[in-house]
Amino acid sequence: MADKYTAPKGTTDLIGAQARGWEFLTTTAREVFSHYGYEPLYTPIFEHTELFTRGIGEATDVVGKEMYTFEDKGGRSLTLRPENTASVVRAAINANITANGQAAKLYYAGPMFRYERPQKGRQRQFYQIGAEALGLNSPEADAEMIIMLWHFFCQAGIPADSMRLLVNSMGDGACRPAYRDKVAAFIKEHGDELCEECNARANTNPLRAFDCKNPSCREVFASAPLLKDELCDECAEHHARVLSLLEAAGVPYVEDPTLVRGLDYYTRTVFEVQVDNGLGSQNAIGGGGRYDGLFESLGGKPTSGLGFALGFERTLLALEASGVTFEDGSSIDVYVAVADDLYRDEAFKLATELRRNDVGALVDVAGKSLKAQFKQADHASARYTVIFAPDEYAQGKVVVRNMATKEERLVAPSEVQEAIGA
RNA sequence: GUGGGUAUAGCUCAGCUGGUUAGAGCGCUGCACUGUGGCUGCAGAGGCCGAGGGUUCGAAUCCCUUUACCCACCCCA
């Protein structure tokens with residue numbers, strides 16, 4: 005554990021079960037999302053810093069203190085992406101894929117970067133899988149997005165009853181500003197009963213005060229005005245429709261009027277999936293919402309948008325807590341062994357042929373004893389072991405041993421594939 | 001950015017109030033079984049006890065510093 009060459013703070017190598025878990029989840033995502041008509045989109049790991057300051061919002065913690073920003077050799081200010089929605093929208097604007105009211109459904113998977121103090125379920129380089137639906141403004145689109153996220157988690161193996169789906173509406177340009185002022189006024193009114201941070205939020209981002217975990221603040225906020233009661237008619241109707249669609253789809257949700265996403269771009273529908281076990285002090289494994297103003301903030305034409313991101317590491321923790329494991333997944337059908345070094349060339353050749361025919365085959369390349377070769381075959385869970393041995397090979401045959409039943413058959417090397425039923 | 005904890009073999013960890021060659025289990029390699037895996041028995045390899053400094057006749061053990069990791073606050077996925 006020399007610390008000379010360790011991965012930087014907050015980063016980790018995806019190795020063993022974690023690496024397999026990542027492949028499993030990205031594969032699952034591709035399968036599930038494609039059934040909803042989603043296509044892959046991969047954007048750069050770094051972007052112009054301004055994309056994030058404009059897109060996510062200057063007042064957010066993510067932009068204010070968590071970005072990995074650097075200057076490149078050309079003097080440009082670049083930032084490692086702290087999230088991917090702004091990039092996807094930028095890419096969509098650049099490629100003009102939402103021209104003339106066309107919709108686009110896109111998903112991605114990859115690392116994000118935030119300069120935070122690491123802890124369980126939170127690292128500086130972390131992996132997200134996400135989806136964005138662009139150019140769709142109907143409540144049906146919202147419901148479909150939420151259902152897809154729920155579907156993904158279920159498909160990945162998290163028991164539905166261990167998850168909790170929270171849904172809320174944040175209003176839009178017509179109703180949120182007034183509500184925002186109302187909350188700010190409420191905070192000022194109760195200033196002496198609230199913590200410092202809550203007071204500070206009155207000026208920066210009043211809604212975030214709902215996230216405060218301080219018990220006494222929560223108590224005060226229990227009587228705060230709720231956006232739910234202040235929504236404009238359009239937002240209220242939209243929200244009600246989303247909820248009834250979720251209900252009809254049998255996706256259990258909880259209305260949480262205090263759910264406030266931390267990024268400035270959200271409008272109307274916001275949602276979050278939480279679990280109670282395995283995540284330490286975190287509890288959100290995925291979340292997202294609608295961002296109808298983001299295109300314009302980034303210089304595009306008014307276009308609605310909607311999406312979610314889910315945290316890979318947290319999802320993995322939740323899966324582990326549910327007893328899901330990612331065992332070594334090598335698929336070895338045959339182990340080709342030699343009883344004498346004389347046959348190593350033949351064995352090597354057979355293994356090569358089998359692999360070309362789509363059969364998983366292992367052959368010893370370390371000069372091990374026959375016994376050691378059997379052990380390897382066993383550890384690889386090979387279903388069969390083929391043995392090149394003097395007596396049998398003198399008749400042009402090799403031994404095919406079924407490792408489970410211990411039955412052995414003699415066949416010509418060319419018939420091995422048939423003998424193992426592959 | 002602010003707290004608390006931990007650091008000994010590939011992995012999980014013992015090592016009491018300082019005492020001589022630093023241990024166990026699992027894993028790995030070999031042998032018993034020279035052409036047949038799992039079980040068993042035996043043997044072996046693998047450690048500058050995170051790093052640096054100090055106290056001491058003597059430090060994995062005590063003190064200081066440092067680094068890393070973990071956990072929590074905060075924030076979010």
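Going by the numbering used here, the first sequence runs without a break in its numbering and finishes at 426.
Note that the Cβ used here is the ideal one computed from N, Cα and C, for glycine as well.
- Distance from Gly25 to Phe352 at the Cβ level is roughly 33 Å; contact not present, criterion being Cβ atoms closer than 8 Å.
- For Arg405 and Tyr72, the gap between their C-alpha atoms comes out near 57 Å.
- For Asn406, the enclosing beta strand (DSSP E) stretches over residues 402-406.
- A check of alpha carbon separations from Phe156 across Arg360, Met407, Pro394, Gly315 identifies Gly315 as the nearest.
- Taking 8 Å as the upper bound for CB-CB distance, Ser81 and Glu87 are not in contact here, some 18 Å apart.
- Comparing C-alpha distances from Ile424 to each of His194, Gln377, Leu358 shows the shortest one belongs to Leu358.
- With a contact defined as Cβ atoms closer than 8 Å, Gly175 and Arg272 qualify at about 7 Å.
- Burial of Leu267 is indicated by the presence of at least 16 other C-beta atoms within 10 angstroms of its C-beta.
- Secondary structure in the stretch 124-180: the alpha helix (DSSP H) runs of 4 residues or longer, each lying completely within the stretch, are 143-160 in chain order.
- Remark: fewer than three beta-carbon pairs, one from each stretch, lie closer than 8 Å, so the stretch 255-262 and the stretch 194-208 are not flagged as touching.
- In this structure Gln286 is not in contact with Gly134, their Cβ atoms being roughly 17 Å apart against a cut-off of 8 Å.
- Closest option to Gln399, judged by alpha-carbon separation, among Gly290, Tyr388, Ala416: Ala416.
- The continuous alpha helix (DSSP H) containing Ala33 extends over residues 21-38.
- Residue pairing from DSSP places Gln278 in a beta bridge opposite Arg168, Ala288.
- With 16 or more other Cβ atoms inside 10 Å of its own Cβ, Asp368 counts as buried.
- Taking C-alpha positions only, Asn100 is separated from Asn281 by approximately 43 Å.
- Here the alpha carbon of Leu366 sits roughly 37 Å from the alpha carbon of Gly14.
- Just so you know, the alpha carbons of Thr319 and Ile289 end up roughly 6 Å apart.
- Using a Cβ distance threshold of 8 Å, Ser326 and Ile162 count as a contacting pair.
- If you look at Leu358, you'll find it in the alpha helix (DSSP H) that goes 348-360.
- Counted as a single uninterrupted DSSP element, the alpha helix (DSSP H) harbouring Val93 occupies residues 89-99.
- Proximity of the stretch 89-104 to the stretch 294-310 meets the contact definition, three or more beta-carbon pairs being nearer than 8 Å.
- The secondary-structure analysis by DSSP pairs Leu110 across a beta bridge with Glu43, Glu136.
- Between Tyr112 and Leu45, the gap from beta carbon to beta carbon is short of 8 Å.
- With respect to Val171, Glu197 sits apart: the two C-beta atoms are not nearer than 8 Å.
- Residue pairing by DSSP puts Met116 in a beta bridge opposite Phe130.
- As DSSP reads the structure, Leu263 sits in no beta bridge.
- Across the structure, Glu251 and Ile150 are spaced so that their CA atoms are roughly 12 Å apart.
- In the three-state reduction of the DSSP assignment, Tyr269 falls in the coil class, being assigned neither a helical nor a strand state.
- The beta-bridge partner set that DSSP reports for Ser81 consists of Glu75.
- DSSP links Val390 through a beta bridge to Val340, Val404.
- Beta-bridge partners assigned by DSSP to Gly327: none are found.
- The three-state reading of DSSP puts Arg121 in coil, since its state is none of H, G, I, E or B.
- Beta-carbon to beta-carbon, Gly311 and Thr83 are separated by about 20 Å, too far to satisfy the 8 Å threshold.
- Here Leu110 is near Tyr42, since their CB atoms are less than 8 Å apart.
- The three-state secondary structure of Leu249, taken from DSSP, is helix.
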